[in-house]
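Asker: Read in order, the letters of the sequence shown correspond to residues 1 to 202 in this note's numbering.
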Amino acid sequence: MSSDDYVIGKRMYEDMTAEAFESDFPKVTGRRVEIVGREDPPDVIALIDGVETGVELTAIMAESAQDIVLGMHRLAKQKHEKYDRRALFGVRPMILLGHLTWPAIGTKERENLTMEAMRRAMATYPALWDVWEDVDGLYDPSDFDGLGFSEVWLMDDGMKYTSRRDPRAPADFFCFAPSKQGGFWELERKRRPPYWHLHAGY
């Protein structure tokens, strides 16, 4: 992959993540979100309840609740150092938004999988809904104190959910900071688990 392809792919991924955040965060939290621009850093600028806020987007590859908690803490520290060096925390409130994704299936492994086997393999990776109680038990809110971000969230709009435009299954969220908002956030829906059977054709 060329560096240009990497930049284009990264931008597309960030655009999709920002679009999901803009669409689903209001459904789940009741707060208004409007993406109004880009910087580097942060990845996007949003009006959140009318307040200009930076949103730093970062992928969290995880196979377990422990991976999620350790990954969020590690990335929050890394991003804090980057932002602190550039004195960006004083410009506007900043949100760190982790986007839950699954570890990539290697090319050779993928070549040997049928579509049905691929679906079964992906189904073994956890949706946030599958592991949120374990995440809640593992994370310590004090680990995220003093890292400069006004809020730290994890979003899951992965393939176990239907399209983010489907009102039945918006993304789920977990708030790591501030502690008063900490924990799992979802839009209650009638069917569980999160519509994997629709995606997989069950």
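C-beta: ideal position from N, C-alpha, C; glycine also.
How would you label Met155, buried or exposed, when you count the other beta carbons within 10 angstroms and need 16 or more for buried?
Answerer: In the sequence shown, counting from the first residue as 1, residue 155 sits at position 155. Counting Cβ neighbours within 10 Å, Met155 comes out buried, since at least 16 surround it.
Asker: So, with DSSP's three-state summary, where would you put Val28?
Answerer: Position 28 of the sequence shown, counted from the start, is the residue given in the question as residue 28. Reduced to three states, the DSSP call for Val28 is helix.
Asker: Go ahead and label Gly158 buried or exposed: buried means 16 or more other beta carbons lie within 10 angstroms of its beta carbon, across all protein chains shown.
Answerer: Position 158 of the sequence shown holds residue 158. Label assigned to Gly158: buried.
Asker: What residues in its chain sit with their C-beta under 7 angstroms from that of Pro178, if we drop five residues either side in the sequence?
Answerer: Within the sequence shown, the letter at position 178 stands for residue 178. Contacts found: Glu151.
Asker: Given a threshold of 16 other Cβ atoms within 10 Å of its Cβ, counted over all protein chains shown, does Val36 qualify as buried or as exposed?
Answerer: For the purposes of this step, residue 36 is taken as the residue at position 36 of the sequence shown. Exposed, by the Cβ-count rule.
Asker: Any heavy atom of the ligand SAM closer than 8 angstroms to the CB of Glu56?
Answerer: Ligands are entirely absent from the displayed structure, and the ligand SAM is therefore not among its contents.
Asker: Buried or exposed: which applies to Met12, given that a residue is buried once 16 or more other Cβ atoms fall within 10 Å of its Cβ?
Answerer: Position 12 of the sequence shown, counted from the first residue, corresponds to residue 12. Its Cβ having fewer than 16 others within 10 Å, Met12 is exposed.
Asker: Helix, strand or coil: how does DSSP classify Glu81 here?
Answerer: Within the sequence shown, numbered from 1, the residue matching residue 81 stands at position 81. Correct three-state label for Glu81: helix.
Asker: Please determine, among Phe184, Lys180, Gly146, Ser142, the residue with the shortest C-alpha to C-alpha distance to Asp130.
Answerer: Counting from 1 along the sequence shown, the entry for residue 130 is found at position 130. Nearest C-alpha to Asp130: Phe184.
Asker: What do you reckon, are the CB atoms on Ala46 and Glu34 nearer than 9 angstroms?
Answerer: Counted from its first residue, the sequence shown places residue 46 at position 46. Counted from its first residue, the sequence shown places residue 34 at position 34. Cβ distance < 9 angstroms, so Ala46 and Glu34 count as in contact.
Asker: In terms of alpha-carbon separation, which member of Ala127, Asp172, Gly148 lies closest to Ala55?
Answerer: Here residue 55 refers to the residue found at position 55 when the sequence shown is read from its first residue. Looking at the sequence itself, residue 55 is Val, so the reference to Ala does not match. Nearest of Ala127, Asp172, Gly148 to Val55, Cα basis: Gly148.
Asker: For Leu75, which three-state DSSP category applies?
Answerer: In the sequence shown, counting from the first residue as 1, residue 75 sits at position 75. Of the three classes helix, strand and coil, the one that applies to Leu75 here is helix, per DSSP.
Asker: Would the beta-carbon of Thr58 fall within 9 angstroms of that of Lys79?
Answerer: If you number the sequence shown from 1, residue 58 lands on position 58. If you number the sequence shown from 1, residue 79 lands on position 79. In this structure, Lys79 lies closer than 9 angstroms to Thr58 by Cβ.
Asker: Applying the criterion that 16 or more other CB atoms from any shown protein chain within 10 Å of the CB defines a buried residue, is Gly50 buried or exposed?
Answerer: Within the sequence shown, the letter at position 50 stands for residue 50. Label assigned to Gly50: exposed.
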